[in-house]
Amino acid sequence: MENVFDYEDIQLIPAKCVVNSRSACDPSVKLGNHTFKLPVVPANMQTIIDETIATQLAQEGYFYVMHRFEPETRLSFVEKMHAQGLIASISVGVKPEEYEFVQMLATKELVPEYITIDIAHGHSTAVIEMIQHIKQHLPETFVIAGNVGTPEAVRELENAGADATKVGIGPGKVCITKIKTGFGTGGWQLAALRWCAKAASKPVIADGGIRTHGDIAKSIRFGATMVMIGSLFAGHEESPGDTVERDGKLYKEYFGSASEFQKGEKKNVEGKKMFVEHKGALQDTLTEMEQDLQSAISYAGGTDLDSIRHVDYVIVKNSIFNGDKVY
Ligand SMILES: NC(=O)C1=CN([C@@H]2O[C@H](COP(=O)(O)OP(=O)(O)OC[C@H]3O[C@@H](n4cnc5c(N)ncnc54)[C@H](OP(=O)(O)O)[C@@H]3O)[C@@H](O)[C@H]2O)C=CC1
Ligand SMILES: Nc1nc2c(ncn2[C@@H]2O[C@H](COP(=O)(O)O)[C@@H](O)[C@H]2O)c(=O)[nH]1
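Quick note on the UniProt record's numbering: the sequence shown kicks off at 1 and runs consecutively.
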């Protein structure tokens with residue numbers, strides 16, 4: 001692999017503007033049979049999304065993926081979303097009970113529009129078999145499979161029937177996989193995304209490592225159809241993590257799905273807990289992301305996300321912040 005870089009190492013190069021207002025730029029994206037307002041989805045983690053947030057996002061036209069950590073609620077969740085005329089987008093694992101769950105959805109004719117197979121090491125027979133199982137019982141469901149970090153993995157999961165793959169092993173803010181195992185795309189997630197996206201024939205979702213809104217545009221440039229984000233969504237009023245006060249300042253809890261806090265035991269721990277600054281309403285962040293992406297599209301010299309895919313870039317090797325803080 002030549003040219004290894006990450007988000008901080010890249011700057012996109014502006015092209016001639018063709019709009020008179022950033023509001024003329026359209027950051028919407030199609031995934032499967034639906035079009036969403038932004039190419040952004042909050043991570044399917046317990047401190048990032050719950051049923052209330054999922055409903056709010058679906059009602060407002062944003063993509064969402066419900067987490068899989070309260071498995072007994074998933075069936076009624078799909079029913080509730082469909083009763084409101086909203087898309088149902090859920091997560092599954094690969095253990096035997098998950099096979100029964102998929103079968104039960106099919107028996108009850110409850111067909112989620114999206115199912116995400118949410119596993120740390122997605123390049124595995126376990127995931128391939130789960131893709132095939134879902135496709136056999138719920139052929140209309142759009143299947144997102146992950147996580148992976150190589151072109152071989154993308155091809156194998158696509159060949160097994162996945163409609164999209166999710167790229168990112170270990171770049172997450174609360175991830176300790178890279179430290180505990182020595183493996184992953186941490187530190188070179190953007191280059192790994194490019195490597196994987198070149199091999200992909202279906203959409204790729206870049207997952208983890210997004211620290212600024214500009215990183216969303218960079219992900220699009222390097223082949224992502226959408227990005228999954230945890231830490232930037234952890235600090236909102238609505239975020240499900242506990243709120244704590246320290247020295248008069250409010251923080252929200254954010255923990256990894258493979259952390260001791262999620263698992264309830266110290267076994268195969270590959271995630272940690274942290275506290276992020278409280279930052280107001282979720283909708284404010286979504287609106288700011290939309291404006292920043294509209295601006296990015298204008299710098300790309302186009303009117304939609306596709307224009308970002310073709311811009312030139314330079315590798316500046318960690319120098320873009322020049323010692324400055326992000327905000
Ligand atoms: N994107 C990322 O970088 C990472 C994300 N995570 C998140 O943490 C959560 C838990 O993930 P995960 O542990 O996969 O889910 P589960 O705990 O549900 O494990 C799924 C199954 O895969 C097995 N398994 C897990 N890891 C491996 C591995 N490296 N090799 C072989 N088998 C494995 C497990 O068995 P057993 O436990 O006995 O090995 C279990 O049978 C998920 O939400 C995942 O997205 C976790 C780590 C990295
Ligand atoms: N290695 C681990 N990765 C995890 C864990 N829980 C979640 N994740 C991944 O992180 C992203 C979010 O990343 P962020 O940089 O935006 O905060 C999430 O979507 C998962 O793929 C974990 O315990 N260990």
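Cβ coordinates follow ideal geometry from the N, Cα and C atoms, glycine included.
It should be emphasised that the depicted structure is a prediction, and the values quoted were computed from it without experimental measurement.
On the criterion of 16 or more Cβ atoms from any shown chain inside 10 Å, does residue i qualify as buried, or is it exposed?
{"i": "residue 389", "result": "No information on residue 389 is available, as it lies outside the stretch 1 to 327 that the chain covers here."}
{"i": "residue 216", "result": "buried"}
{"i": "residue 310", "result": "exposed"}
{"i": "residue 233", "result": "buried"}
{"i": "residue 46", "result": "buried"}
So, residue i versus residue j, is the Cβ gap smaller than 8 Å?
{"i": "residue 128", "j": "residue 143", "result": "no"}
{"i": "residue 91", "j": "residue 65", "result": "yes"}
{"i": "residue 253", "j": "residue 273", "result": "yes"}
{"i": "residue 147", "j": "residue 166", "result": "yes"}
{"i": "residue 5", "j": "residue 190", "result": "yes"}
{"i": "residue 303", "j": "residue 40", "result": "no"}
{"i": "residue 133", "j": "residue 153", "result": "no"}
{"i": "residue 88", "j": "residue 112", "result": "yes"}
Would you kindly report the start and end of the unbroken beta strand (DSSP E) that includes residue i?
{"i": "residue 146", "result": "142-148"}
{"i": "residue 16", "result": "Element bounds for residue 16: n/a, residue is neither H nor E."}
{"i": "residue 52", "result": "From DSSP, residue 52 is part of no beta strand (DSSP E) but of the alpha helix (DSSP H) over 51-60."}
{"i": "residue 48", "result": "Counting along the chain, residue 48 falls outside any beta strand (DSSP E), and DSSP gives it neither H nor E."}
{"i": "residue 91", "result": "89-92"}
{"i": "residue 177", "result": "Looking at the DSSP string, residue 177 is not in any beta strand (DSSP E); the run it does join, the alpha helix (DSSP H), is 177-181."}
{"i": "residue 36", "result": "34-36"}
Whose C-alpha, out of the options, is nearest the C-alpha of residue i?
{"i": "residue 16", "options": "307, 315, 317 and 201", "result": "307"}
{"i": "residue 186", "options": "53, 269 and 168", "result": "168"}
{"i": "residue 235", "options": "264, 202 and 283", "result": "283"}
{"i": "residue 297", "options": "198, 21, 79 and 159", "result": "21"}
{"i": "residue 172", "options": "193, 179, 192 and 207", "result": "207"}
{"i": "residue 241", "options": "3, 228, 198 and 262", "result": "262"}
{"i": "residue 69", "options": "84, 51, 61 and 174", "result": "51"}
{"i": "residue 149", "options": "183, 163 and 295", "result": "183"}
{"i": "residue 35", "options": "60, 223 and 24", "result": "60"}
{"i": "residue 75", "options": "101, 151 and 170", "result": "101"}
{"i": "residue 305", "options": "137, 221, 243 and 248", "result": "221"}
Identify the continuous alpha helix (DSSP H) that holds residue i and give its terminal residues.
{"i": "residue 77", "result": "74-83"}
{"i": "residue 286", "result": "282-299"}
{"i": "residue 216", "result": "214-221"}
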